[in-house]
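J.: Residue numbers (the working numbering): 2 to 332. We treat Cβ as the ideally placed atom computed from N, Cα and C, and that holds for glycine.
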């Protein structure tokens with residue numbers, strides 16, 4: 002579904018909370034905050050939730066940006082519940098919008114005013130997000146309008162890898178487009194969405210909680226919009242490592258959870274069978290092929306996949322258990 006282009010300017014958009022999670026990554030968070038404070042013309046407050054850091058992150062962040070509100074969770078609640086910790090506070094303070102923002106990002110100064118312009122144009126727009134570019138390849142798209150392929154059991158970043166040839170719209174990207182979900186490394190959410198559908202689902206802990214949020218938002222009658230003219234840059238997987246065993250575990254388990262929660266009928270069965278078949282094929286490859294059999298990392302990733310399937314079937318969600326942690330981290 003195409004929606005119109007929007008001029009910059011926020012009008013009387015109300016109060017925006019910019020919510021950032023930190024966990025032992027003060028340097029990344031401070032770099033992110035530097036880009037946030039280049040934003041102008043928006044009535045906003047910046048909130049950092051420290052998710053149980055074991056270093057001096059809080060002191061570093063407060064020293065660099067004493068005006069930032071910092072909430073200390075006291076333990077690692079995960080991405081979902083860590084954000085919820087901040088969302089409850091922001092909603093209590095009267096936020097009209099919340100920008101969910103990863104700490105491993107840098108935002109264009111006009112990103113937030115632009116997203117607000119889109120959101121303010123129609124009260125039915127519940128979530129709006131920018132073009133998300135690779136930090137190290139600043140003209141290459143990482144994410145934009147994301148979609149779910151129901152029968153395939155896949156989520157798809159439709160424009161991933163496309164290059165903005167001159168730093169502007171290359172012509173292949175529509176002015177605005179409706180999506181199934183926006184990656185919450187940068188997603189502006191209308192506060193009313195959370196009041197109607199609830200917060201992020203803590204069962205996910207990390208990964209695919211954004212897809213779940215987008216799908217629940219659409220089911221509640223809101224639109225989810227990508228506005229490509231707004232830009233940000235993402236230091237992809239700086240927190241966990243793109244192919245770490247922990248990432249493998251959460252991605253596999255949570256993808257099964259996502260489709261079991263949102264797909265229906267034969268489409269649901271097809272999706273789950275395809276996810277399981279792909280995962281078992283990968284487990285077999287990593288078990289049998291000599292190139293992988295002697296590699297400790299691939300063996301841990303194989304075990305992570307096995308634990309992910311087990312935990313899905315027995316209904317064990319949230320933070321991985323100690324047995325899974327031993328398999329993923331070798332401890």
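1) Taking the runs of the beta strand (DSSP E) that are 3 residues or longer, which of them lie wholly in the segment 192 to 259?
2) Please determine, among 19, 132 and 152, the residue with the shortest C-alpha to C-alpha distance to residue 228.
3) So, at 7 Å on beta carbons, what are the nonlocal neighbours of residue 73 in its own chain, with the 5 sequence-adjacent residues on each side left out?
4) Suppose the cutoff is 8 Å on Cβ atoms and the five residues either side in sequence are ignored; what does the same chain contact list for residue 63 look like?
5) In angstroms, rounded to a whole number, what distance separates the CA positions of residue 144 and residue 268?
6) By a C-beta neighbour count over all protein chains shown, 10 Å radius and 16 as the cutoff for buried, is residue 55 buried or exposed?
7) Could you pull out every residue in the same chain whose Cβ sits closer than 6 Å to the Cβ of residue 323, ignoring the five residues on either side in sequence?
8) Exposed or buried, which one is residue 93 when buried takes at least 16 other CB atoms within 10 Å?
9) Residue 152 to residue 215, Cα distance in whole Å?
10) Please determine, among 300, 202, 31 and 139, the residue with the shortest C-alpha to C-alpha distance to residue 86.
11) Just checking, does the segment 185 to 193 make contact with the segment 94 to 106 on the three C-beta pairs under 8 Å criterion?
12) So, with DSSP's three-state summary, where would you put residue 55?
13) Whole angstroms are fine: how far does the CA of residue 126 sit from the CA of residue 119?
14) With a threshold of 16 other CB atoms inside 10 Å of the CB of residue 83, please say whether the residue is buried or exposed.
15) Quick check on residue 219: buried or exposed, where buried means 16 or more other Cβ atoms within 10 Å of its Cβ?
16) Should the segment 262 to 278 be regarded as contacting the segment 134 to 141, the criterion being three or more beta carbon pairs within less than 8 Å?
17) Residue 78 by DSSP, collapsed to three states: which one?
18) Taking only the alpha-carbon atoms, compute the straight-line gap between residue 110 and residue 304 and give it to the nearest angstrom.
19) Provide the residue span of the alpha helix (DSSP H) that contains residue 306, from first to last.
20) Should residue 337 be labelled buried (16 or more other beta-carbon atoms within 10 Å of its own) or exposed?
21) Would residue 328 and residue 308 be called neighbours here (beta carbons separated by less than 8 Å)?
22) Would residue 254 and residue 313 qualify as a contact pair, given that the criterion is a beta-carbon distance under 8 Å?
23) If I'm right that residue 108 touches residue 37 with Cβ under 8 Å, what's the distance once you round it to whole angstroms?
24) Quick check: the Cα distance between residue 292 and residue 301, rounded to an integer number of angstroms?
25) Among residues of its own chain, excluding the 5 on either side of residue 286, which ones have a beta-carbon nearer than 7 Å to its beta-carbon?
26) Please classify residue 174 as buried or exposed, where buried requires at least 16 neighbouring CB atoms within 10 angstroms.
T.: Quick answer:
1) 224 to 235
2) 132
3) 51 and 59
4) 69 and 71
5) 25 Å
6) exposed
7) none
8) exposed
9) 18 Å
10) 202
11) yes
12) coil
13) 8 Å
14) buried
15) buried
16) no
17) coil
18) 43 Å
19) 297 to 315
20) Examination of residue 337 is not possible in this model, given that the chain is present from 2 through 332 alone.
21) yes
22) yes
23) 6 Å
24) 14 Å
25) 293
26) Residue confidence for residue 174 is low, a pLDDT of 49 falling below 50, so the modelled location carries little weight and cannot support an answer.
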